[in-house]
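Contents: one structure, followed by commentary.
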Amino acid sequence: MEPIYVVDDEPAICETLGGVLQDEGYSVVSCPDAQTLFKRIPKQKPSLVLLDIWLPGADGMEVLQEFKGEYPDIPVIMISGHAGIESAVSSIKLGAYDFLEKPLHLDVLLDKVSGALADKPKRNNKELPSDTRLEVAICRKSIHADSISLVESEQPQRTLKKNIVLNGTGLLSGRNTGIIMSPLGVNEGIIFQSLDGYAIPGNITSLENFSQTDINQTFTANSTVLASNNRRVRTIEHLMAVLHMFGITNAQIKTDEEIPNVDGSAKNFCQLIHDAGIVEQSENAQKVVFHEKVGVGPENLNDKHLYIEPFQGFKIKMRVDYPAPIFEQCYTFNPKEQSFEDEIAAARSFNTFENIDMAQKMGKVGSGYLHSHIIMHDGKVINTELRYPDEFVRHKILDLIGDLYMLGCFIEGSITANMTSHGYNQALVKRIHTILTETSSLH
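In our numbering, each number is its position in the sequence shown, counted from 1, plus 13.
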């Protein structure tokens with residue numbers, strides 16, 4: 014096998030990497046700068062290049078671009094001690110196989126090296142669908158008005174003990190944003206408020222595209238957006254999931270158009286509720302009880318579908334099946350048996366860097382995506398370590414929990430979801446709302 018080239022101006026790094034790789038049976042050539050790299054290659058081509066992003070007299074990204082232009086089939090792993098996710102994504106766009114940050118974890122390094130040198134599997138034709146697009150949710154027509162009912166829950170209504178503040182970055186805008194959460198009285202519900210004082214109920218009737226009347230409706234798949242009086246509040250789903258699981262039924266959330274997305278998960282919102290404290294109120298909350306199956310989408314393994322069946326309690330069974338590194342993942346969550354904070358809240362959003370790059374070029378998302386997503390490229394995660402082996406399917410459950418709370422009440426039922434995104438979540442909630450509205454009009 015041809016040698017591995019280590020290109021770094023720090024002799025200690027070259028010596029350490031060379032020793033580790035040689036212990037694993039690899040031949041190693043060290044280069045202190047880009048000039049040495051390009052001078053030696055004609056004499057002996059490398060099997061792999063480990064390229065430092067900071068080199069004397071040269072920009073590592075420019076070196077990478079020149080190298081891949083001349084030797085497109087030789088894999089390159091970029092190494093940096095100072096760059097962030099933007100550099101990682103940029104290097105992948107320029108053709109790097111992977112990106113590693115200093116200090117290097119040698120077991121991770123060796124895993125990346127062996128992966129780069131191995132024969133790459135053929136690409137799966139199934140691409141990870143972009144969560145920046147629209148999707149059509151196919152709704153069933155034959156739903157009886159008495160298939161569900163709205164009744165009083167055993168749980169009391171709850172609100173916050175005090176005001177609480179959280180700052181962060183907007184996922185879609187990339188701008189600094191924040192929220193101020195405040196207590197509300199009995200039966201006031203979850204209310205979002207714009208900075209100029211307009212109220213937007215945290216309810217399915219405030220969904221940005223709620224007015225659609227077709228059976229097969231088009232919903233946004235990338236986030237949940239509420240709108241009223243020409244004001245919008247975007248990416249509410251993670252906060253709504255936490256309010257749902259903590260049983261907060263009455264609260265005001267003041268924000269500048271977008272809920273902050275700190276790290277792509279809901280764990281910061283959990284801490285926010287702990288910091289504020291919870292007050293149980295004088296009246297009980299309401300819940301929707303299911304007497305028959307209600308759903309959207311054809312119930313086939315290869316089709317997206319989402320439905321709720323009768324069940325004494327609340328649970329979600331979610332399945333996803335995407336190309337590497339996700340593959341098929343299934344997870345069932347029941348808040349009476351598992352901890353929402355430990356098992357679901359910390360799961361982060363995910364997407365491919367190709368989808369994110371395309372959405373940014375189209376002006377649909379901001380730089381917040383880079384810092385709040387698990388980013389994947391060429392069958393691997395490129396910017397972080399997973400918090401759970403099945404973090405992807407757990408995040409889908411997090412989104413669903415948040416979207417379901419747009420009903421404005423709790424759910425008693427067993428939920429089954431297959432490959433669904435926000436669009437299907439929103440379609441199901443709207444379907445349930447329509448049935449409830451028709452039922453109330455009959456009495």
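Glycine included, each C-beta is placed from N, C-alpha and C at the ideal position.
Predicted model, so just to flag it, every value in this text is computed and none were measured.
Bridge partners of Q299 according to DSSP: E165.
Taking each of E367, A131, G202, F405 in turn and checking the Cα distance to S103, the smallest one comes out for E367.
Boundaries of the alpha helix (DSSP H) around D416: 404 to 417. A358 and A109 have their alpha carbons spaced roughly 32 angstroms apart. In this structure, A289 sits away from L179, with a CB-CB distance that is not shorter than 7 angstroms. The segment 392 to 409 and the segment 334 to 342 touch, with no fewer than 3 CB-CB distances between them shorter than 8 angstroms. Between the alpha carbons of L30 and V19 lies a gap of roughly 8 angstroms. Under DSSP, S362 takes part in a beta bridge, and its partners are H386. Put simply, of P273, I291, R247 the residue whose alpha carbon is nearest the alpha carbon of M258 is I291. Short of 7 angstroms from the beta carbon of C27, and not among the five residues preceding or following it, lie these beta carbons of its own chain, in chain order: V19, D21, S43. DSSP places Q325 outside both helix and strand once states are collapsed to three, so it counts as coil. The residue among I92, I17, L285 with its C-alpha nearest the C-alpha of S60 is I17. For V309, the closest alpha carbon among the candidates A101, Q284, T433 is that of T433. Across the structure, L123 and I266 are spaced so that their CA atoms are roughly 47 angstroms apart. Counting C-beta pairs closer than 8 angstroms gives fewer than three between the segment 273 to 285 and the segment 205 to 217, which falls short of the contact rule. For a cut-off of 8 angstroms, the C-beta gap from V238 to R245 is around 6 angstroms, short enough to register as a contact.
Within the segment 184 to 268, the runs of alpha helix (DSSP H) at least 4 residues long that lie entirely inside it are, in chain order, 250 to 258. Contact annotation: I213 and I249 have beta-carbon atoms that are not nearer than 7 angstroms. Following the DSSP letters along the chain, one finds D65 inside the beta strand (DSSP E) bounded by residues 61 to 65. Within the same chain, L61, Y110, A129 come within 7 angstroms of P88 by CB-CB distance, once the 5 residues on both sides are set aside. Annotation for T429: the continuous beta strand (DSSP E) segment containing it runs 423 to 431. The Cβ atoms of K300 and E322 do not sit closer than 7 angstroms to each other.
I395 and N176 have their C-alpha atoms spaced approximately 38 angstroms apart. Nearest in C-alpha terms to D412, of all of R400, I329, E23, is I329. Beta-carbon to beta-carbon, L417 and I410 are separated by about 10 angstroms, too far to satisfy the 8 angstroms threshold. Separation of I387 and N313 (C-alpha to C-alpha, rounded to the nearest whole angstrom) is 28 angstroms. A direct Cα-to-Cα measurement between L252 and G202 gives close to 14 angstroms.
H287 carries a helical assignment under DSSP once its states are collapsed to helix, strand and coil.
Sequence-distant partners of S162 (beyond 5 residues in either direction) whose C-beta falls short of 8 angstroms from its own C-beta, in its chain, are V301, V302, H304, T452. According to the DSSP secondary-structure assignment, C44 is paired through a beta bridge with V20. In the DSSP assignment, E341 falls within the unbroken beta strand (DSSP E) covering 340 to 346. Pairing S40 with N274, the inter-Cα distance amounts to about 45 angstroms. According to the DSSP assignment, S127 belongs to no beta strand (DSSP E) but to the alpha helix (DSSP H) extending over 119 to 130. Excluding residues up to 5 positions away in sequence, I217, L220, F223, Q230 lie with their Cβ nearer than 8 angstroms to the Cβ of K443 in the same chain. The beta-carbon distance between D269 and T190, rounded to whole angstroms, is 5 angstroms. This is short enough to meet the 8 angstroms contact definition. Shown here, I54 sits in coil according to DSSP, grouped into three states, outside any helix or strand.
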